[in-house]
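Down below is the structure, laid out as structure tokens.
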Amino acid sequence: MVKISEFEITQRDLYLPESRTPVTGGVLDLRLGTSNKDNVCATCDKKMQDCAGHWGYLKLVLPIFHIGYFKSTCSRVMMEETDRRKFLRRLRAPGLDNMTRLKLVKAITVQCAKETYCPHCNAVNGFVKKVGPMKITHDKYRLKRVAKEAEDFRKTFDAAIKATPEIKQHINKAHDDLNPLRVLRLFQRVTPEDCELLGLSEEHGRPEWYIWQYIPVPPACIRPSVMQDDNSSNEDDLTAKLTEIIFTNAIIRAGLEKGVTVVNLMEQWEFMQLAAAMYINSDLPGVPPTGGKPSRGLCQRLKGKQGRFRGNLSGKRVDFSGRTVISPDPNMRIDQVAVPQLVAKVLTFPETVNRHNIHKLRQNIINGPTVHPGANFVQSKRTGIKKFLKFGNRAQIAANLEFGDVVERHLSDNDVVLFNRQPSLHRLSIMAHFAKVMPWRTFRFNECVCSPYNADFDGDEMNMHLPQTQEAKAEAIELMGVKNNLVTPRNGEPLIAATQDFITAAYLLSHKDRFYTRAMFAQVCSYMGDAEIKFDMPPPAVWKPQRLWTGKQVFNLLFRPNKESKVMLNLETKNKSYVKEAGRIPDLCPNDGWLVVQNSEIMCGLVDKAIVGDGNKNSAFYVILRDYGAIEAAKCMNRLAKLCARWLANQGFSIGISDVTPGKRLREIKDEQVRIAYEKCDDVIAKFKEGKLETMPGCNEEQTMESIVSGILSNVRGDLGKVCMQELNMYNSPSTMARCGSKGSQINVSQMVACVGQQIISGTRIPNGFQDRSLPHFLKHSKSPPAKGFVRNSFYTGLSPTEFLFHAISGREGLVDTAVKTAETGYMQRRLMKAFEDLTTHYDLSVRNSEGAMVQFCYGADGLDPMTIEGDGVPVEFERNLKHVRVTTPIGDDDCLLPWEINILTEQEVSRDIWQTNCTPAFIDMTRSFVEDKIAKKLANIRKQHGMLPGLSVPDEDYMDMDIDEDVDDATKGVVRNLFGITERQLREYLGVCLHKYLKAKIEPGTAVGAIGAQSIGEPGTQMTLKTFHFAGVASMNITLGVPRIKEIINAAKAISTPIIKCELHSAHDVRAARVVKGRIEKTTLGDVAMYMEEVYEPNEALVLVKLDIDAINRLQLETNIYEIAHALEIAPKLKSFQLDVQTSRPDIIRIYVHAKHGESVYYNLKAVKRLLMATLIKGLPSIVRAVISEKEGGNGAKQLLVEGYGLLEVMTTDGVIGEKTTSNHVMEVAEVLGIEAARNTIINEIQMTMSSHGMTIDHRHVFLLGDIMTSKVK
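Quick note on UniProt numbering: the sequence shown kicks off at 1 and runs consecutively.
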């Protein structure tokens, strides 16, 4: 420290009194650099801009503790020689990672702490502890075995007690004070070998360096002094602290030279310690804050969100950015953003002049800063001078422009800009668009791009950044361009697709009854483009009596406007209105709910959210994206946006009060249904009050009643919703929107028209807000639907005051939930990101962190990118691609292959080098089995049905060329060929497509899979509800879900809110066997099986008499008897101290004799025993709360046991439970009992289960990564 400093600081004054020049040798000495623009640094003679500053130092008279490191007498590690050698060997092992080293150092510390006497000098080893903020004492004499030494220590105070007798009572509290000077001497005597054992290194970390003898004085520029008007100055906190330390140091030096009392010296020394500590970290625990605002120490400058790292280095405010309100504009392409001219004139791009752009840039310079497209600055290549174009002769500057000059021109059309909306939860929250300069004051973009940004237009603002180099522009549009990010990396589903209005318009346009004349059809088609697209008119669908085109034909042109377009879309999928019925082929759905597209022509089906919306891998845009690339998909989307916006504007689509007015019939149905529901509820409540209600498994009567009533009332709303959808006519706007999926649902329609329904608060009906009732409007203890928050009115009829309040309560809960959830998920996302940030794939497709430690041998176990895989978790959609190839590559006159030829050809293809080197064996097997089962065997079956030979078996060499269908007539051959035939050309094409798509789906080496995985898990968290419970098979056993559950899993919490163990039973179909197992596991107390307990007092003894309920024991299927119960009472830990005498008399009496302890009353002992007896465990596992028998889902009446509580090991080993099929949802317990791999699987399954219960899908590769990183290092 002294070496790199310029000089020693000695003066406490800052400035000379009369002038404003800094004192030489003070903390603002000009040799430390300057914080003033006018002064020159005295060390390097540079101005403030160029001088980096220089350090000074301050020598302390007495050493002090360094607060950052503030965490024995002969300076040796207390260990025998053999142990020392052993630990040294292990610490010097090559390739030791940090965690192992820390473990070893900890083991050494633990072993040394056990020693009482030092093996080297026999001094006593006591407890070193921190007292107050900056003091350490050595408590040597706490242990009993060092009483002799303690006595000697006390004798040393004899003289002091004679002098001041009042200290005598405090002597026992005296400790050995370790002041910094003593500690420094100790540390200086530590040997180099002992340094190693303490985990320090001889060159870089001698222990005495942890104690300060010099204090560094930082350069003036990091603690600038601000001049005031009255010639005084405002100093930085660091400067103030330094002057304080210098002053105290000077006082101590003077005291030591002249001599001063010990108390005074110690006080000053402690004050200096405190000042130095505050200089480093002003937030000290145990130091009361002084008045005024707290000073900022060095630590405060660095740490936290506003600190140097997070506030100024990782994230900072930048230039060339703008922010304003956003609005929608369907006329923009999906990769464009409209930028206001005001913004475009301020943001500039430095363009270098060359022979291609010199004329354009000259014109820009002439336009100047006020006219768009203009320029703000010009920098000459020769002189390097930058000229501002607001002043001066612009024409002259333009004329003198040379190649190589840099013109800072305004942002203009087709510049690449980055567009971002906060919170940036995943990488799609910032994408690159092409700018389009427009009038007015908002950023405008196509509504299709709302969902990745999660934007709406109710006043949201967004940020725009302009990259400053050509490379940055090229990289931005390639990596972050909207077209290259149409799908989400979370699960590969399309995210940018038609929304709201666009879906409604597409739905209405594709109805069966939509017909157009030629003129109207041409008009509608021209909406799609801006008169730039050449359309090939298809022939009309209806020729007589007049030629008519259908709405569906508009979509044919939307997918493929003319013969030059290569897009041949082939798709068969169900849409939202599809109704499945056994025995009916799907395309005859009466609702037109099955969409068939062949070669970009719609054969049948409506176009709704499932076809053009987001989140569906069978949608039209997704198939175009996968078959023909992102540019074609984006073109289609642009055409759809323009068509729908313009068509709907002319067509008209609005909603009014008349749309939600219920008809007479609907009102009657509603009143009837509500009446019936109320009656059912009254019956249930009456039964409950009489105690006749049969309880559900694991519930008490009240829970059962609540569960049944809630079920009845929630069904009312659901049923009325269905009735609404049937009763409202097909032109009703809300029901149209609900049907096509553009906005709203059955429930919304039903609430507006029929009935708002039951209001729920955290999973129950409205609780009591007053004494025994929810509001004073109802009777006390009323459980009726209206009193517990059932709203029978609809929003159309209006709510009554009590209903209004109940509805508001439930609405408030939603708002609070949202606010709390945002904070929770934000922090969770940040932690996930920090854990995952350095994971990347390497060239061998393994995942490693920045240290090169292996996390996964192959990313996601198959090396595929979730963003590019085509199906749900599979790289290629075999079925759809086969249909696509058969339609796009016609059979023509080629011969169809026989089943055995298909198999042989496939085998030849997949054994080629390109397949063997690039594809995993699993994928090759998948392809092979698909061709065998779905092509060869299917063809063989069709041949069989038509009386031909199946042709699956390969013939001998001699018969290879023989035609096995010689005897079959041509008609049958034709039928089979038409039903299912595949030629060699088609098969080769198909296998080529499969290979091509698989190679595309492989993950690229260098992908930041960690960051993407963290975002994919964190981002859905923001859409989950916070408090959610899901009933695990039984109404009463709820499992925590939502954000809290994800948090528990990620934190690897030791205690979780609802630990549940699922047990498979050996005899799953037998209820009695299940009850026996339940009896073995569930904890049963004496109170559960006792009829009564009585206190009996006899002349010479007192006892508690317990009568057992043998009937209950048999009903509960408990495997116990009176003797076992008596034995359990004898060994119960809580009753041991009473020395009970337990006697039994058959069949059901147990007597417990209580004896008086010496000096205690029998009466009180008896009462205490009686109190404890009720809760004494007689059977089962103490850590289990309860066990419930429930039906297995899809298990045909098979039973399983759900056990609430901890104790996986005990439950697994219980008789009657299949141990290897028993799982717990508690990660830490699974890790303890079954090992780390089982814990990894539990993490993966639990995250997936939680996400899917909220309707989210996350690609399993991200969750695998989470499981692997959580279990990669063993604590």
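Here a beta-carbon is modelled for each residue, glycine too, at the ideal position from N, C-alpha and C.
**OP:** Enumerate, from N- to C-terminal direction, the unbroken beta strand (DSSP E) stretches of 3 or more residues contained entirely within the stretch 303-359.
**Re:** Counting only unbroken stretches of 3 or more residues, the beta strand (DSSP E) elements lying wholly within the stretch 303-359 are 321-328, 336-340 and 348-352, in sequence order.
Original post:
Who are the near neighbours of A630 in its chain, counting only those whose CB is closer than 7 Å to its CB and skipping five residues on each side?
Top reply: On the sequence shown, position 630 is the one that residue 630 refers to. These residues qualify, in order along the chain: K483, N484 and L486.
Original post:
Hey, T990 and N881 are a contact pair by Cβ (cut 8 Å); roughly how many whole angstroms apart?
Top reply: Taking the sequence shown and counting its residues from 1, one reaches residue 990 at position 990. Taking the sequence shown and counting its residues from 1, one reaches residue 881 at position 881. The residue you asked about is not Thr; residue 990 is Tyr in the sequence shown. Contact holds; Cβ gap of about 7 Å.
Original post:
A375 by DSSP, collapsed to three states: which one?
Top reply: What you label residue 375 is simply residue 375 of the sequence shown in a count that begins at 1. Looking at A375 - three-state DSSP - the assignment turns out to be strand.
**OP:** Following the continuous beta strand (DSSP E) through N463, name the residue where it begins and the one where it ends.
**Re:** Locating residue 463 in the sequence shown gives position 463, where the first residue counts as 1. In this chain, the beta strand (DSSP E) harbouring N463 covers E461 to H465.
**OP:** Indicate whether G613 and D592 have their beta-carbon atoms separated by less than 8 Å.
**Re:** As a first step, residue 613 is located in the sequence shown; it is residue number 613 there, counting from the start. As a first step, residue 592 is located in the sequence shown; it is residue number 592 there, counting from the start. No, they are not a contact pair.
**OP:** Quick one: using the 10 Å Cβ neighbour count with 16 as the cut-off for buried, is W440 buried or exposed?
**Re:** Against the sequence shown, residue 440 aligns to sequence position 440. By the 10 Å Cβ count, W440 comes out exposed.
**OP:** Give the C-beta separation of L401 and I430 to the nearest angstrom, bearing in mind that I take them to be a contact with Cβ-Cβ under 8 Å.
**Re:** For the purposes of this step, residue 401 is taken as the residue at position 401 of the sequence shown. For the purposes of this step, residue 430 is taken as the residue at position 430 of the sequence shown. Not really, about 35 Å apart at Cβ, beyond 8 Å.
Subject >> Inter-residue CB distance, G386 and Q379 (contact presumed, cutoff 8 Å) >> reply: For the purposes of this step, residue 386 is identified with residue 386 of the sequence shown, where counting begins at 1. For the purposes of this step, residue 379 is identified with residue 379 of the sequence shown, where counting begins at 1. The sequence as given places Lys at residue 386; Gly does not occur at that position. That pair is a contact at about 5 Å.
Original post:
Taking all protein chains shown into account, do 16 or more other C-beta atoms lie within 10 angstroms of the C-beta of W269, making it buried, or fewer, making it exposed?
Top reply: Position 269 of the sequence shown, counted from the start, is the residue given in the question as residue 269. W269 counts as buried, since no fewer than 16 other beta carbons sit within 10 angstroms of its beta carbon.
**OP:** Could I get the ranges of all uninterrupted beta strand (DSSP E) runs contained in the stretch 474-513, with 3 residues as the minimum, in chain order?
**Re:** Runs of the beta strand (DSSP E) inside the stretch 474-513: none found.
**OP:** Look up N249 in the DSSP assignment and say whether it is helix, strand or coil.
**Re:** Against the sequence shown, residue 249 aligns to sequence position 249. In the structure shown, N249 adopts helical secondary structure according to DSSP, grouped into three states.
Original post:
Do V723 and I669 have their CB atoms nearer than 8 Å?
Top reply: The residue given as residue 723 occupies position 723 in the sequence shown. The residue given as residue 669 occupies position 669 in the sequence shown. It is a contact, given that the beta carbons lie within the stated cut-off.
Original post:
From A1198, T324, G297 and D844, pick the residue whose C-alpha is nearest to that of G1006; which is it?
Top reply: Walking along the sequence shown from the start, residue 1006 turns up at place 1006. Checked all of A1198, T324, G297 and D844; the closest Cα to G1006 is D844.
Subject >> Straight-line gap, Q306 to K241 (C-alpha atoms, nearest Å) >> reply: By one-based count along the sequence shown, residue 306 stands at place 306. By one-based count along the sequence shown, residue 241 stands at place 241. Cα to Cα, Q306 sits roughly 22 Å from K241.
**OP:** Under 6 Å Cβ to Cβ from V226, same chain only, skipping five residues before and after it: list those, please.
**Re:** As a first step, residue 226 must be located in the sequence shown, where it is residue number 226. N234.
**OP:** Would you tell me roughly how many angstroms separate the C-alpha atoms of T920 and S929, rounded to the nearest one?
**Re:** Counting from one through the sequence shown, the residue named residue 920 turns up at place 920. Counting from one through the sequence shown, the residue named residue 929 turns up at place 929. Going by the C-alpha atoms only, they are around 14 Å apart.
**OP:** Using 10 angstroms around the beta-carbon of W647, count the other beta-carbons present and answer buried if the total reaches 16, otherwise exposed.
**Re:** The residue given as residue 647 occupies position 647 in the sequence shown. With 16 or more neighbouring CB atoms inside 10 Å of its own CB, W647 falls in the buried class.
Original post:
Mind pulling the alpha helix (DSSP H) runs of 4 or more residues that sit fully within the stretch 585-633?
Top reply: List check, alpha helix (DSSP H) in window: 609-612 and 620-628.
Original post:
Nearest-angstrom Cα distance between G711 and Q500?
Top reply: The count along the sequence shown starts at 1 and reaches residue 711 at position 711. The count along the sequence shown starts at 1 and reaches residue 500 at position 500. Looking at the two C-alpha atoms, the distance is approximately 32 Å.
Subject >> Runs of alpha helix (DSSP H) wholly within the stretch 732-782 (minimum 4 residues, chain order) >> reply: For the stretch 732-782, whole alpha helix (DSSP H) runs of length 4 or above, ordered along the chain, are 733-740 and 746-753.
Original post:
So, do the stretch 453-467 and the stretch 526-539 have three or more beta carbon pairs nearer to each other than 8 Å?
Top reply: These segments do not touch.
Original post:
K574 to D513, Cα distance in whole Å?
Top reply: Numbered from its first residue, the sequence shown carries residue 574 at position 574. Numbered from its first residue, the sequence shown carries residue 513 at position 513. Just so you know, the alpha carbons of K574 and D513 end up roughly 20 Å apart.
Subject >> Residue from D1070, I1110 and T1144 whose Cα sits closest to the Cα of N1196 >> reply: Working through the sequence shown from its first residue, we reach residue 1196 at position 1196. Out of D1070, I1110 and T1144, D1070 has the C-alpha closest to the C-alpha of N1196.
Subject >> Buried versus exposed call for K381 [16 or more other C-beta atoms within 10 Å across all chains shown] >> reply: Indexing the sequence shown from 1 puts residue 381 at position 381. Exposed, since its Cβ has fewer than 16 Cβ neighbours within 10 Å.
Subject >> N978: first and last residue of the uninterrupted alpha helix (DSSP H) it sits in >> reply: In the sequence shown, the residue the question calls residue 978 occupies position 978. Secondary structure note for N978: its alpha helix (DSSP H) is the uninterrupted segment D970 to L979.
Original post:
In whole angstroms, what is the alpha-carbon distance linking G811 and S714?
Top reply: Taking the first residue of the sequence shown as position 1, residue 811 is located at position 811. Taking the first residue of the sequence shown as position 1, residue 714 is located at position 714. Separation of G811 and S714 (C-alpha to C-alpha, rounded to the nearest whole angstrom) is 17 Å.
**OP:** Please determine if the stretch 890-908 and the stretch 1016-1025 are in contact, where contact requires at least 3 C-beta pairs separated by less than 8 Å.
**Re:** Because the criterion of three Cβ pairs below 8 Å is not met, the stretch 890-908 and the stretch 1016-1025 do not touch.
Original post:
If V1203 and I1049 are in contact, beta carbons under 8 Å, what's the gap, nearest whole angstrom?
Top reply: Stepping through the sequence shown from its first residue, residue 1203 is reached at position 1203. Stepping through the sequence shown from its first residue, residue 1049 is reached at position 1049. Between V1203 and I1049 the beta-carbon gap is near 20 Å, outside 8 Å, which marks them as no contact.
**OP:** For Y69, count neighbouring C-beta atoms within 10 Å of its own C-beta (all shown protein chains included) and say buried if the count is 16 or more, exposed if not.
**Re:** Here residue 69 refers to the residue found at position 69 when the sequence shown is read from its first residue. Low confidence applies here, because Y69 scores a pLDDT of 49, under 50, leaving its location unreliable; read the following figure in that light. In the assembly as shown, Y69 is an exposed residue. Its beta-carbon has fewer than 16 other beta-carbons within 10 Å.
**OP:** Check each candidate in T802, I766 and R792 and name the one with the smallest Cα separation from P776.
**Re:** Position 776 of the sequence shown, counting from 1, holds the residue named residue 776. Minimum Cα distance to P776 is reached at T802.
Original post:
Can you name, in chain order, every residue of its own chain whose Cβ lies under 6 Å from the Cβ of I666, other than the five neighbours on each side?
Top reply: For the purposes of this step, residue 666 is taken as residue 666 along the sequence shown, with counting starting at 1. Note on identity: in this sequence residue 666 is Leu, with Ile being the wrong assignment. In chain order, E727 place their CB closer than 6 Å to the CB of L666, counting only its own chain and leaving out the 5 sequence neighbours on each side.
Original post:
Between F1210 and the rest of its own chain, which residues show a CB-CB distance below 6 Å, the 5 nearest in sequence each way excluded?
Top reply: Locating residue 1210 in the sequence shown gives position 1210, counting from the first residue. Correcting the residue type first, residue 1210 is Glu in the shown sequence and not Phe. Cβ-Cβ distances below 6 Å link E1210 to L1181 in the same chain, with the five nearest sequence neighbours on each side left out; the list follows chain order.
**OP:** Scan the stretch 426-464 and note each continuous beta strand (DSSP E) run of 3 residues or more that stays entirely inside, going in chain order.
**Re:** Entirely contained in the stretch 426-464, the beta strand (DSSP E) runs reaching 3 residues are, in chain order, 430-438 and 443-445.
Original post:
Where does the unbroken beta strand (DSSP E) through I1247 begin, and where does it stop?
Top reply: The sequence position of residue 1247 within the sequence shown is 1247, counting from 1. That residue, I1247, is in no beta strand (DSSP E); its alpha helix (DSSP H) goes I1236 to S1253.
Original post:
Among C221, N941 and G259, which has the Cα closest to the Cα of A52?
Top reply: Residue mapping note: residue 52 aligns to position 52 of the sequence shown, counting from 1. By alpha-carbon distance to A52, the top candidate from C221, N941 and G259 is C221.
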